[in-house]
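Encoded as structure tokens, the structure appears first; notes follow it.
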Amino acid sequence: MVDLAADEVLLPGLVDTHVHVNEPGRTDWEGFATATRAAAAGGVTTILDMPLNSLPPTIDAAALAAKRAAAAGQIAMDVGFWGGRGARQRGGTVRPAPGRGVRVQGLPGRLRRAGVPAAGPALQITLPVVWTRARARGFALDDVARWMAARPAQVARLAGKGQIAAGFDADLVAFAPSERFLVEPGMIRHRHRLTPYAGQWLDGVVRRTWLRGGPPGAGRLLARGQRCPPT
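With the working numbering, letter number 10 in the sequence shown gets 78, and the count goes up by one each step, no holes.
Okay, here's the thing in structure tokens:
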């Protein structure tokens, strides 16, 4: 049972398919612990890490294993991984063992055409940024939920994610769409608190986030087409 205040609505947990965590190798900029804590604060319950910006880049099974090892034990939300291919991999793509959690990343434009948001603001404030712009253009929260939860989960083939429905993970967000807040660097939970939205007023506050019906903190590494078992 979820109790909501009069000014709150319940949204499905958001799915961000374009996140650069940078760990291992460049953790001084961002790591799995800080990225997933920021995601939790922003109502993002699932992230897919891009193959670039970490060392090594995720272009083969060994690099994927290094990524999974780096993420294990420190993720607050669920995490999956995109794979890529390097110039030396002739005509091939990452070919992980079944169930190891890699998907081959296509052109970003293809994902955008499918309704998946491209990389942009910090995980923590993506929802208020999108909602502020969307409501000004006459869109509803149902539209935002489709753009930022249902459709990304479908495109990335994340079973059990992106909807509030029977058989889906209870990834939920209590969102106050009419509350406004001023973006201040001190509130940012990423490792670096730089944001182009500092000093701006945004609409919508994420008040609580649930991961599989419980509080954030017990994130899991996702495998292709498989649901996380219930807790």
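Where is the CB? At the ideal position from N, CA and C, for every residue including glycine.
Could you check which residue in the options has the C-alpha nearest to that of residue i?
| i | options | result |
| --- | --- | --- |
| Met-216 | Pro-80, Ala-266, Leu-270, Gly-152 | Pro-80 |
| Ala-131 | Arg-205, Thr-104, Pro-92 | Pro-92 |
| Ala-204 | Ala-224, Leu-123, Arg-261, Asp-271 | Asp-271 |
| Lys-229 | Pro-253, Asp-84, Phe-100, Gly-254 | Asp-84 |
| Val-197 | Pro-245, Lys-135, Ala-134, Leu-116 | Pro-245 |
| Pro-253 | Thr-200, Ile-193, Ala-74 | Ile-193 |
| Gly-282 | Phe-100, His-88, Ala-108 | Ala-108 |
| Arg-288 | Asp-75, Ala-74, His-88, Ile-143 | Ile-143 |
| Leu-290 | Ala-227, Gly-235, Tyr-265, Ala-213 | Ala-227 |
| Ala-74 | Ala-286, Glu-247, Pro-284 | Glu-247 |
| Pro-284 | Gly-235, Thr-104, Val-273 | Thr-104 |
Quick one: measure Cβ to Cβ for residue i and residue j, integer angstroms, because I've assumed they're closer than 8 Å.
| i | j | result |
| --- | --- | --- |
| Ile-126 | Gly-152 | The amino acid occupying residue 126 in the given sequence is Thr; Ile does not appear at that position. Confirmed, about 6 Å. |
| Arg-111 | Phe-249 | Residue identity check: residue 111 is Gly in the sequence provided, not Arg. About 14 Å separates the two Cβ atoms, so there is no contact after all. |
| Leu-195 | Leu-78 | The Cβ separation is near 13 Å, so there is no contact. |
| Thr-95 | Met-145 | Actually they are not in contact, since the Cβ atoms of Thr-95 and Met-145 sit about 18 Å apart, beyond 8 Å. |
| Ala-138 | Phe-100 | 6 Å |
| Trp-278 | Ala-238 | 6 Å |
By the three-class DSSP mapping on this structure, what secondary structure does residue i have?
| i | result |
| --- | --- |
| Val-306 | One cannot answer for residue 306 here, as it falls past the ends of the chain, which runs 69 to 299. |
| Leu-132 | helix |
| Val-77 | strand |
| Phe-149 | strand |
| Ile-115 | strand |
| Phe-100 | helix |
| Gly-281 | coil |
| Pro-210 | One point to set straight first is that residue 210 is Asp, not Pro, in the sequence displayed. Three-state result, Asp-210: helix. |
| Ala-233 | coil |
| Ala-242 | strand |
| Leu-289 | strand |
| Val-83 | strand |
| Ala-123 | Rather than Ala, the amino acid found at residue 123 in this sequence is Leu. Leu-123 falls in the coil class under three-state DSSP. |
| Arg-219 | helix |
| Val-70 | coil |
| Val-89 | coil |
| Arg-276 | strand |
Under 7 Å Cβ to Cβ from residue i, same chain only, skipping five residues before and after it: list those, please.
| i | result |
| --- | --- |
| Pro-119 | Pro-125, Thr-126, Ile-127, Trp-150, Gly-151, Gly-152, Gln-173 |
| Ala-300 | Outside the displayed span of the chain (69 to 299) sits residue 300, for which this structure offers no information. |
| Asp-211 | Ala-202 |
| Val-70 | Leu-78, Leu-240 |
| Gly-141 | none |
| Ala-134 | Pro-92, Pro-124 |
| Trp-97 | Asn-90, Arg-259, His-260 |
What residues in its chain sit with their C-beta under 8 Å from that of residue i, if we drop five residues either side in the sequence?
| i | result |
| --- | --- |
| Gln-268 | Leu-250, Val-251 |
Which residues in the same chain as residue i place their Cβ atom closer than 6 Å to its Cβ, once the five residues preceding and following it in sequence are excluded?
| i | result |
| --- | --- |
| Thr-102 | His-258, Arg-259 |
| Asp-117 | Val-87, Val-89, Phe-149 |
| Gln-231 | Pro-80, Ala-218 |
Using only the heavy atoms of the ligand ZN, determine whether one of them is closer than 7 Å to the beta carbon of residue i.
| i | result |
| --- | --- |
| Arg-225 | Questions concerning the ligand ZN fall outside what the structure shown contains, since it holds no ligand whatsoever. |
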